[in-house]
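Enquirer:
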Amino acid sequence: DSGVTQTPKHLITATGQRVTLRCSPRSGDLSVYWYQQSLDQGLQFLIQYYNGEERAKGNILERFSAQQFPDLHSELNLSSLELGDSALYFCASSVASGLGPNGYTFGSGTRLTVV
Amino acid sequence: EDQVTQSPEALRLQEGESSSLNCSYTVSGLRGLFWYRQDPGKGPEFLFTLYSAGEEKEKERLKATLTKKESFLHITAPKPEDSATYLCAVQGLRSGGYQKVTFGTGTKLQVIP
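Taken in sequence, the protein lines are chains A and B. What the first sequence shows, in the numbering used here, is residues 9 to 123, in sequence order. What the second sequence shows, in the numbering used here, is residues -14 to 98, in sequence order.
1. Which term fits Leu47/B, buried or exposed, when burial requires 16 or more other beta carbons within 10 angstroms of its beta carbon?
2. What residues in the segment 86 to 119 of chain A have a beta carbon less than 9 Å from any beta carbon of chain B?
3. Assuming Ser35/A and Ser102/A are in contact, meaning their beta carbons sit under 8 Å apart, how far apart are those beta carbons, in whole angstroms?
4. Checking contacts by CB at 7 Å: is Lys27/B closer than that to chain A?
5. Give the C-beta separation of Leu91/A and Arg26/A to the nearest angstrom, bearing in mind that I take them to be a contact with Cβ-Cβ under 8 Å.
6. State the Cα-Cα distance for the pair Glu83/A and Ser3/B, rounded to the nearest angstrom.
7. Determine the extent of the beta strand (DSSP E) in which Gly92/A is found, giving its start and end residues.
8. Measure the beta-carbon distance from Ala49/B to Leu72/B and round it to whole angstroms, keeping in mind my assumption that it falls under 8 Å.
9. So, Cys99/A versus Gly115/A, is the Cβ gap smaller than 7 Å?
10. What are the boundary residues of the beta strand (DSSP E) that includes Tyr43/A?
11. Would a check of beta-carbon distances place Gly50/A closer than 7 Å to chain B?
12. Cβ closer than 7 Å: which chain B residues qualify as neighbours of Ser46/A?
13. Looking only at its chain, what residues have a beta carbon closer than 6 Å to the beta carbon of Leu51/A, apart from the 5 residues adjacent to it on each side?
14. For Gly89/B, return the contacting residues in chain A, with the cut-off set at a CB-CB distance below 8 Å.
Structure representation (structure tokens):
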């Protein structure tokens, strides 16, 4: 157990629907990162939050949004889902903003299947 | 734009057969190079951080090295439990308050008993 908790583990939904993925960072970590991993691509950075504030955006679609709450857990909202959104979505956390000497700690991911 | 290329895409080894995985990178000001291990259906697990050319890190059967253009992950006498996908990532210069991290697509290693 890495200490980063992601729920749900699996999600199957239809095109056009909206889903929410949840992440609880490792105790003491202030930064949360969201990544998307598809079969034909590596880990693609979506967005980062640090202590409740958005810190950086990557290749995140306008249909996607995220937030980090005062208790530091984070939610990634995916709307108007398309077949191509099917992927593994990972949350990672770190103490500070950016990769420290021990890297990020990743959760076990949420596998999203859009049918 | 920062780029990370890992080779080979897949590698099949007999147990005990040593080999190396390659990570070639181009980055604007390397702040760190990271190796991760990822098992199927799980999140990446941190292995090593390397900061400067010439640096080496070891952990059990794994040894990571770094030059100015590439990093190698050497696997000595691998065992079946070493089977996994190995990911390389680089952290570049800070841009707009964010130290961009770019991941490679990984090398899928299979060790046959």
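Quick reminder that beta carbons are idealized off the backbone N, C-alpha and C, glycines included.
Expert: A quick look at the data gives this:
1. Here residue 47/B is taken as the residue at index 62 of the second sequence, counted from 1. Buried.
2. Leu96, Phe98, Cys99, Ala100, Ser105, Gly106, Leu107, Gly108, Pro109, Asn110, Gly111, Tyr112, Thr113, Phe114, Gly115, Ser116, Gly117 and Arg119
3. Within the first sequence, numbered from 1, the residue matching residue 35/A stands at position 27. Within the first sequence, numbered from 1, the residue matching residue 102/A stands at position 94. With 8 Å as the limit, Ser35/A and Ser102/A do not qualify as a contact, their Cβ atoms being about 13 Å apart.
4. Counted from its first residue, the second sequence places residue 27/B at position 42. Yes, contact with chain A.
5. Looking up residue 91/A in the first sequence gives position 83. Looking up residue 26/A in the first sequence gives position 18. About 15 Å separates the two Cβ atoms, so there is no contact after all.
6. Against the first sequence, residue 83/A aligns to sequence position 75. Against the second sequence, residue 3/B aligns to sequence position 18. For Glu83/A and Ser3/B, the distance between alpha carbons rounds to 43 Å.
7. Position 84 of the first sequence holds residue 92/A. Taken as a continuous stretch (DSSP letters only), Gly92/A belongs to no beta strand (DSSP E), as it is neither H nor E.
8. Numbered from 1 along the second sequence, position 64 holds the residue referred to as residue 49/B. Numbered from 1 along the second sequence, position 87 holds the residue referred to as residue 72/B. Not really, about 12 Å apart at Cβ, beyond 8 Å.
9. As a first step, residue 99/A is located in the first sequence; it is residue number 91 there, counting from the start. As a first step, residue 115/A is located in the first sequence; it is residue number 107 there, counting from the start. Yes, the Cβ-Cβ distance between Cys99/A and Gly115/A is below 7 Å.
10. Mapped onto the first sequence, residue 43/A falls at position 35. Counting along the chain, the beta strand (DSSP E) containing Tyr43/A begins and ends at Ser39 to Gln45.
11. Counting from 1 along the first sequence, the entry for residue 50/A is found at position 42. Answer yes: the Cβ-Cβ gap between Gly50/A and chain B drops below 7 Å somewhere.
12. Locating residue 46/A in the first sequence gives position 38, counting from the first residue. By Cβ distance, chain B contributes nothing, its closest Cβ being about 10 Å from Ser46/A, past 7 Å.
13. Here residue 51/A corresponds to residue number 43 of the first sequence, with the count starting at 1. Excluding sequence neighbours, Leu51/A sits near Tyr43 and Gln45.
14. The residue labelled residue 89/B in the question sits at position 104 within the second sequence. Result: Gly50.
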